[in-house]
Structure formats: C-alpha cells, structure tokens
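First comes the structure, then the notes that go with it.
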Ligand code: GLU
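Numbering (my numbering), first residue to last: 110 to 618.
Below, the structure is given as structure tokens:
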C-alpha cells in the first residue's frame, strides 16, 4: 500500500508556522516513502472562512518548495480537494449513520442548549451533550418517530449528532504517543452536520481521509482528543480496516518555553511566526513573514524540521534530500518544542554562507530597491560576497550594508573618541597616499600594502584598522575592511577618509 498523507488546513487566516511544520513533516514522510502529499482545504466553517487564506496557503507552500502532488489546482484523482465542493458526499454518509442508528437528529435551539448547561453549572457540573444529558434534550432519541417526521417535514432546523454509547473504551495507537485510550463517558455526542447543512470538521475529515485513501494522519497535538471520535466514526462506518495511522505532533512553545506559541507572540518577541506577511486593515491582525524578513526558505525548513524532531546524531544542517532520508516518525518528540528564534537565525546564517553571490544578489534586489538603493548587479554581487558571512537574513545583508549603498548615516562616536589619538590624523593622510599608490586596487593588494605600512611603521593593527572601519563605514561591526575599501573604490574610500580626518574627528574628539 503506497503512502498517502494530507495537509488539511482550514482557510481561516494566514498559515501559522506550526501549520507549516505539519506540512513539512507530511511532505518529508510522503517523499521518504515515495508516496503522495495532498493538500486538502477544510473550508466547511462558514463563520471563520477567510477568502484570501487559500491563496496564502498555496503561496507559502510554493515559496517553501513543499508542492502538493494532489490538491485544489494541483490535480489528482480523488478530488475535489476543497470540502465545500464535497457536500453531497457528506450528506450521503450522514444519512447512512442516521439509518444505521449511529447518529441522531437534534432539534434543540441554542437557548435550550444554554439552559441545559446552566442548569448543570448551577450544581457545579460542566455538562456536555452526551450519554447523560441527551435523554433530557429534544432529539430523535427522546421524541416519537411521528414528532421527528413532523419537524423534518416542517423544515425545522436540526443538527445531526454522533451517538456515543456509554461505558466503552476507545483505544488507538499513536505513532508518537503509542497507545492512547479514551473512555466514551468522557466524549460528547459531536455534531456531525450543522444546522446550515454543512458537515463539521469531524465528519468531513473522516469521510475525506477514507475517500482520499489517506494512510497516515500527521497533524498537531491539539487534534489528539478528537481522534477518539474519529476512531469511533471509522467503526460506525465499518471502515476500520482502512483506518489511517495517527501521529500527533508536539506543540510549538513560546520562546520562553512556557505555553503554546501564538500569532500574537510575533509582535511580542519581535520575530515572525508566519511564513509570509499577511495584510489587514486592523494593525493587530497584520503580520510580517519569514520571507519578508529575508529568511531563506531552505534554512527555514531546516529549522522547522528540528522543531520537534531530530535525527539522533550531531548533524544539524540537512539538504532537503538528506532530511527526506533521515526523517522518521519514531524520532519525533512527544514533548513541546520551544520556538527558538535565535536558532532560526543561526540556520539562516549557515545557509547564506553557502549560497553563491549571484543568487544572493538577486534575492537582495527587492530589499535594496525598497530602500531606494540603486546599484548594478555586479556591485550587488560584491556586496553579497562581503555581507554573507555575517548576516542571518537577506534583509540583514542589505540593512547592515547601508554605507555600501549610500553615505554613512551614523558614526560610532564612542569608539572614535577612544581610538583617535595624536598620530591618527597623520595615519589617515598616509593611508590616503598609500591607497593612491595601490595597484591593482583589489582586496588582496590593498590588504598587503596596508599591513606592510602598519608593520613598517611599528604601529599595531589596533591603531589603524578601527580608524579605517569607522571612517569607511561609521561602525565597528562589518565585513572584511579591505573588501570594503576595494568595493567602495579609490576615490570614495579616500573621500570618506578625508571626511573622517577633516570633519568628523575634529568635531568629536
Ligand atoms: N482542518 C484542520 C486544521 O485546520 C485539520 C486537522 C487535521 O489535520 O485533521 O488544522
């Protein structure tokens, strides 16, 4: 039997990074077993439906290279892959459960449901619609057949609920958590079909997993408790033989390690928690994305792969192919995975270092343009070569190279005050002269002539290089100083050094 897995997001907003991890694990698993990775859009909840969300989900998967092999817009023989287009199927199977006495009609209004809950609440009991309370409610188990028929023919609103028998134990094997058991006494009679005629998540999910021949359900831990209902439904439908294997992924925790990572944590901790940015008129609901923050998709995937899984070796950097080979559900952790933003930056840096300068230059272009920088591709390629060793993101490569794209905005005055000594002015004059005589004007030649100057004059690097750094970039942090000089060129380098000597140092020191 070939592996078929699905990523089944609900289009209720942007795709949270936890959802991306679920997609990734499904993708890796499918690839590993030469199976099929399916995208299914679970859009049966009209109240939470957000039209832009589906496009966002697809764009995110596309950016990350997690392309579905079946799904809406991707083809496949088990479609449609959007639940809103599969209504007839759900109606048919709800009818089957009703006919078999495994489900029942419930006519209770929302007021009546509230009354019931309040009644129990008054006795300190949190009641559910279940084997205990259903006997007191208005449903086809308590009403006469004639009354039910009359209500149905009058077109009264109803829901269909799963009949969960008391005193049974539902046991299933979770590939990550091993054996999991629930007593049916803890389970409510889940609504399968809502008053609007649309199925709930539970019904649609099970009917679709069965019809799409899903072999493994790999999803977030928050669905673990629903699985008992799902298993029960497989039994009610007589589909136990085809029941998929379940694997519930550990929660993703806040950077502090306490509590589940939420969409609001992005703003709180100054980090993205979505793959792409999400626009909204309400600033509270607008989010920046990893892409817009300049993260490379392959570095992000590598980071996400480790959020709840590890290969059991020291190796951390994995190509996609290596991830596919190494991935296994048995190495997924049970406990929550802390979302360590610094670690995502570390991964980003490892990937930037390995990228060629041309590719990086192309990726930097939109970031540079957004800041109004105008430099040709060749120049950009050289900036890439200089900045990639130190930066974590493409955006950082551009932001921190502002002095390579335009004038220096700010000088590190504190360091300049410390480093500017009596002979500094003469040193700068000497270097200007030296650069004038340096040919060819490339990094290696510049480096060797400046270093010879320092040794010949017994100056020490600390008396010269910091001055050059501040004079040319304004800051002490930055890439190789000789590379900066060569990129800025003779004229611009000397112009900046003269400004340092004649204007900046005089004013500051
Ligand atoms: N639609 C559910 C979600 O949004 C899918 C859960 C599942 O994979 O079964 O996460």
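Yeah, the Cβ is synthetic: ideal placement off N, Cα and C, and Gly gets one too. All values reported here derive from a predicted model rather than from experimental measurement.
Q) For residue 326, which of helix, strand or coil comes out of DSSP? A) strand
Q | Start-to-end residues for the alpha helix (DSSP H) that takes in residue 453 | A | 450-463
Q) Under three-state DSSP, which class holds residue 187? A) coil
Q. Using the C-alpha atoms, what's the distance from residue 563 back to residue 569?
A. 6 angstroms
Q | CB contact flag (residue 307, residue 196, <8 angstroms) | A | yes
Q: Pick helix, strand or coil for residue 628, following the three-state DSSP scheme.
A: Residue 628 is absent from the structure shown; the chain starts at 110 and stops at 618.
**Q.** Between the CA atoms of residue 453 and residue 402 - distance to the nearest angstrom
**A.** 12 angstroms
Q. In whole angstroms, what separates the C-alpha of residue 192 from that of residue 281?
A. 26 angstroms
Q: Compare the C-alpha of residue 216 against each of 228, 238, 201, 198 and name the closest.
A: 238
Q) Is residue 273 near ligand 1, going by C-beta to nearest heavy atom under 7 angstroms? A) no
Q. Any contact of the segment 553-563 with the segment 517-531, i.e. 3+ C-beta pairs under 8 angstroms?
A. no
Q.
At the level of alpha carbons, what is the spacing between residue 172 and residue 234?
A. 49 angstroms
Q: Would you mind listing the alpha helix (DSSP H) stretches within the segment 523-547 that are 4+ residues and don't spill past its ends, in chain order?
A: 533-545
Q. Buried or exposed: residue 380, going by 16 or more other Cβ atoms within 10 Å of its Cβ?
A. buried
Q.
Suppose you measure from the CA of residue 499 to the CA of residue 587; what does that come to, to the nearest Å?
A. 8 angstroms
**Q.** 7 angstroms Cβ shell around residue 175 - same chain, five flanking residues per side excluded
**A.** 132, 133, 136
Q | From 123, 526, 245, residue whose alpha carbon lies closest to that of residue 616 | A | 526
Q: Could you tell me which of 116, 541, 200, 559 sits nearest to residue 325, measuring between CA atoms?
A: 116
Q. Based on the DSSP secondary-structure assignment, which residues constitute the bridge partners of residue 148?
A. 116
Q.
Given a cut-off of 8 angstroms on the beta-carbon distance, is the pair residue 342 and residue 272 in contact?
A. no
Q) In terms of residue numbering, what span does the alpha helix (DSSP H) encompassing residue 334 cover? A) 333-346
(Q) For a test of your reading of the model: does the CB of residue 58 fall under 7 angstroms from any non-hydrogen atom of ligand 1? Yes or no. (A) Residue 58 is absent from the structure shown; the chain starts at 110 and stops at 618.
Q: Report yes or no: do the segment 196-209 and the segment 427-442 share at least 3 C-beta pairs separated by less than 8 angstroms?
A: no
Q) Do you know how far the Cα of residue 404 is from the Cα of residue 505? A) 9 angstroms
Q.
As a quick exercise: from 158, 154, 146, 534, pick the residue whose alpha carbon is nearest that of residue 180.
A. 146
Q: Please list, in chain order, all residues of the same chain as residue 110 whose beta carbon is under 8 angstroms from its beta carbon, the five residues on each side excluded.
A: 324
Q. Quick one: is the Cβ of residue 282 within less than 7 angstroms of any heavy atom of ligand 1?
A. no
Q.
Going by beta-carbon coordinates alone, are residue 398 and residue 386 separated by less than 8 angstroms?
A. yes
Q. Tell me which same chain residues have a C-beta within less than 6 angstroms of the C-beta of residue 606, skipping the five on either side of it?
A. 537, 541, 580
Q. Going by the beta-carbon positions, is the gap between residue 317 and residue 353 smaller than 8 angstroms?
A. no
Q. For the candidate residues 544, 382, 327, whose alpha-carbon lies nearest to that of residue 438?
A. 327
Q. From this set, 149, 448, 125, 456, which residue's C-alpha is nearest residue 114's C-alpha?
A. 149
Q) Measuring CA to CA, which of 512, 456, 460 is closest to residue 477? A) 512
Q. By DSSP, does residue 180 sit in helix, in strand, or in coil?
A. strand
Q | Close beta carbons around residue 250, own chain, < 8 angstroms, minus the five adjacent residues each side | A | 213, 243, 244, 272
(Q) Assuming the contact rule is C-beta atoms closer than 8 angstroms, residue 482 and residue 515 should be a hit. Round their C-beta distance to whole Å, please. (A) 7 angstroms
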